[in-house]
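Engineer: Before I ask anything, here is the structure I am working with.
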Amino acid sequence: MSTKIVKEAENRHDFALIAKWIQPKSKVLDLGCGNGALLSFLHDKLDVKGYGVDKDDNNVLECISHGVNVIQMDLEAGLAGFDSLSFDYVILSQTLQAMVNTEGVLREMLRVGKQGIITFPNFGYWRHRIQLMAGHMPVSDNIPHQWYNTPNLHLCTIDDFEALCAKMNIRITDRIVINEGDTVSFMPNLLGSLAIYRFEQASWPISY
């Protein structure tokens, strides 16, 4: 990995947590892969066979410069170019909130992959709630943009995401909620700033 990618990976606690759920040498698809840092990290640690998807020209060029296999395409258009269950894991890291068709993206993740892994900023985090009570849209490390230049369209809380999974018959197999790198077990929807989920398609209706 390049020095830039190594430094970024070392500062991302969520990368290490995601890696704990992935088997060595597995096939991984990273949606909204950005500069390829996560895939580079997983390849270095687990020797995964990874592919990234991103629509941004600069991100695609960075991936190529870092030796990351990348395909330029818009996630909103679906993943028709990928066969069903062709990957062991499909990852969507801090990109869910920027999707227009959230349900469609989740369905495609579980069509293409045996398991899905998602991370997203928890809008229910207490610091966000205080900013809202003060009359302002929240800004934080995980939601760094101002309201007028944010790419985020569908911010959600931990409870919101789990309700959507139940509606879509998605089984959550693992959940980790963190704040500044520390795991949050007590009142995670209030005290956690970032949520990390592993999930799969359920074979029968479920509820949470």
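When we follow this note's numbering, the leftmost residue of the sequence shown carries the number 1449, and every step to the right adds one.
Each residue gets a CB set at the ideal place from its N, CA and C atoms; glycine is no exception.
1) Rounded to whole angstroms, what is the Cα-Cα separation between Arg1646 and Gly1498?
2) What are the start and end residues of the alpha helix (DSSP H) that includes Ser1488?
3) Let me check one thing: in DSSP terms, what residues is Phe1535 bridge-paired to?
4) Let's test the definition: count the other Cβ atoms within 10 Å of the Cβ of Ser1532 and tell me whether it reaches 16, buried, or not, exposed.
5) What does Ile1591 pair with, by DSSP beta-bridge criteria?
6) Going by the CB atoms, is the gap between Val1476 and Tyr1537 shorter than 7 Å?
7) Which runs of the beta strand (DSSP E) at least 3 residues long sit entirely within the region 1572-1630? Give them in chain order.
8) Whose C-beta lies closer than 8 Å to the C-beta of Ile1466 among residues of the same chain, with five residues either side of it excluded?
9) Does the beta-carbon of Asp1478 have 16 or more other beta-carbons within 10 angstroms, so that it is buried, or is it exposed?
10) Can you list, in chain order, the residues of its chain whose CB lies under 6 Å from that of Leu1638, leaving out five sequence neighbours each side?
11) DSSP state of Ser1541, grouped into three classes?
12) Return the CA-CA distance between Ser1641 and Gly1629, expressed in angstroms with no decimal places.
13) Mind checking who Lys1475 pairs with in its DSSP beta bridge?
14) Taking the C-alpha atoms as reference points, what is the distance between Lys1562 and Ile1470?
15) Terminal residues of the continuous alpha helix (DSSP H) containing Ala1659?
Structural biologist: So, from the listed chains and residues:
1) In the sequence shown, residue 1646 corresponds to position 198, counting from 1. In the sequence shown, residue 1498 corresponds to position 50, counting from 1. Looking at the two C-alpha atoms, the distance is approximately 18 Å.
2) Counted from its first residue, the sequence shown places residue 1488 at position 40. It spans Ala1485 to Leu1494 - the alpha helix (DSSP H) in which Ser1488 sits, taken as one unbroken run.
3) One-based indexing of the sequence shown puts residue 1535 at position 87. DSSP lists Gly1561 as partners of Phe1535.
4) For the purposes of this step, residue 1532 is taken as the residue at position 84 of the sequence shown. Counting Cβ neighbours within 10 Å, Ser1532 comes out exposed, since fewer than 16 surround it.
5) By one-based count along the sequence shown, residue 1591 stands at place 143. Looking at the DSSP assignment, Ile1591 forms no beta bridge with any residue, so it has no partner.
6) Reading the sequence shown from its first residue, position 89 is the one you call residue 1537. Reading the sequence shown from its first residue, position 28 is the one you call residue 1476. Result yes, Cβ atoms of Tyr1537 and Val1476 sit closer than 7 Å.
7) 1618-1627
8) Looking up residue 1466 in the sequence shown gives position 18. Leu1486, Leu1490, Ile1539, Ser1541, Ile1565, Thr1567 and Ile1644, listed in sequence order.
9) Indexing the sequence shown from 1 puts residue 1478 at position 30. By the neighbour-count rule (16 or more Cβ atoms within 10 Å), Asp1478 is buried.
10) Here residue 1638 refers to the residue found at position 190 when the sequence shown is read from its first residue. Cβ within range, chain order: Trp1574.
11) Numbered from its first residue, the sequence shown carries residue 1541 at position 93. Strand, per DSSP.
12) What you label residue 1641 is simply residue 193 of the sequence shown in a count that begins at 1. What you label residue 1629 is simply residue 181 of the sequence shown in a count that begins at 1. Whole-angstrom Cα-Cα distance: 10 Å.
13) To locate residue 1475, count along the sequence shown from 1; it is residue 27. DSSP, once it has assigned bridges, lists Lys1497 as partnering Lys1475.
14) Taking the sequence shown and counting its residues from 1, one reaches residue 1562 at position 114. Taking the sequence shown and counting its residues from 1, one reaches residue 1470 at position 22. Distance between the alpha carbons of Lys1562 and Ile1470: 12 Å.
15) For the chain, the structure presents residues 1449 to 1656; residue 1659 sits outside this window and is missing.
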